[in-house]
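Note sheet for the following structure.
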Amino acid sequence: MMYKDTFKLLLSNFHLVWKILAYVFISTLCVIGLAYACSLPILKVLEAEGVVGQFTSLFVDFSKSFNIYELLSNAVSLIENFFNVIANNIANLWLYIVLFLFIIIVIRAFLGGFYKFAATNVLYYYLSSN
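Numbering of the sequence shown is given in the working numbering, commencing with residue 149 and proceeding in unit increments.
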């Protein structure tokens with residue numbers, strides 16, 4: 149009986165679920181767009197230093213040989229090269245790195261949890277007997 153009531157409750161409140169899913173999708177797109185805009189200078193430096201080409205060749209070589217050991221050893225060298233490029237250009241990229249991390253950590257948490265205020269208030273009044 150409890151499962152039957154839970155299923156009925158889910159179906160009767162499904163309009164709220166779609167609104168929440170739409171909000172989560174839109175807020176995720178906003179965060180991805182802002183993070184991408186802040187990471188463009190970082191990506192340009194990585195492309196100029198050859199890290200992006202090394203990344204693509206890593207998977208092209210793996211798709212041809214299917215050698216896991218070679219993939220992992222090339223991935224380690226890719227990660228070392230990535231951190232060396234970032235360390236060498238940190239004077240120019242520090243602001244973009246801080247903005248990128250701020251957007252990913254703070255803005256995502258803010259936008260991700262913002263819908264909970266309205267959703268919990270609506271569910272409280274809908275499900276309560278008051």
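For glycine and all other residues, C-beta sits at the position ideal for the given N, C-alpha and C.
What is the rounded straight-line gap between the Cα of residue i and the Cα of residue j?
i: V111; j: L194; result: Outside the displayed range of the chain (149 to 278) lies residue 111, so it cannot be described from this structure.
i: A235; j: T268; result: 45 Å
i: W166; j: K156; result: 16 Å
i: I174; j: L191; result: 24 Å
i: L159; j: F248; result: 39 Å
Relative to the alpha-carbon of residue i, which residue among the options has its alpha-carbon at the smallest distance?
i: L226; options: Q202, D153, L157; result: Q202
i: Y263; options: K152, Y171, S160, S213; result: Y171
Could you check where the alpha helix (DSSP H) with residue i kicks off and where it finishes?
i: V200; result: 199-213
i: V179; result: 162-196
i: I234; result: 216-236
Only counting the same chain, and skipping five residues up and downstream in sequence, which positions put a Cβ closer than 8 Å to that of residue i?
i: A223; result: L206
Spatial neighbours of residue i within its chain, please: C-beta separation below 7 Å, excluding the five flanking residues on both sides.
i: R256; result: V179
For residue i, collect the residues of the same chain with a Cβ closer than 6 Å to its Cβ; drop the 5 residues on either side in sequence, then sort them by chain order.
i: E197; result: V233
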